[in-house]
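J.: Numbering follows my numbering, in which position 17 of the sequence shown is assigned residue number 146; successive positions increment by one, without gaps.
Dumping the structure here so I can ask a few things about it.
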Amino acid sequence: MKIDFDKIDEMTLALLYVVMTKKTVGSGAVAWKGLDLNTLLRMHKKGWIEEPKSRDMSLRITEKGYKQSSELFKKYFTRKEK
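Structure follows, in structure tokens:
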């Protein structure tokens, strides 16, 4: 079985949207970082979050990451109106 790490990263970012505090565009959005470090490092390389290797217990979400997380949340976790 071949793992699609891009899908894992997208789903992780979508789930971060659920637990974000201060849901504002840019680095104002914050989420708890108790997630897999390798996933967080990939997300950092994609420009979605600021450097995850810190003593902080939360992540800073970039403007790009915030916009993407909102779109992915709607894509994966909302129902279309009938």
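Where is the CB? At the ideal position from N, CA and C, for every residue including glycine.
Because the structure is a prediction, the values reported are computed rather than measured.
Between which two residues does the beta strand (DSSP E) carrying S187 extend?
T.: Its beta strand (DSSP E) spans residues S187 to R189.
J.: Is DSSP giving I132 helix, strand or coil here?
T.: Coil, per DSSP.
J.: Closest to S187 by CA distance: which of L164, T141, K136 and D133 is it?
T.: It is L164.
J.: Out of curiosity, what's the CA-to-CA distance linking K175 and V148?
T.: K175 and V148: Cα-Cα distance of roughly 20 Å.
J.: What did DSSP end up calling T150 once you bin it into helix, strand or coil?
T.: T150 falls in the strand class under three-state DSSP.
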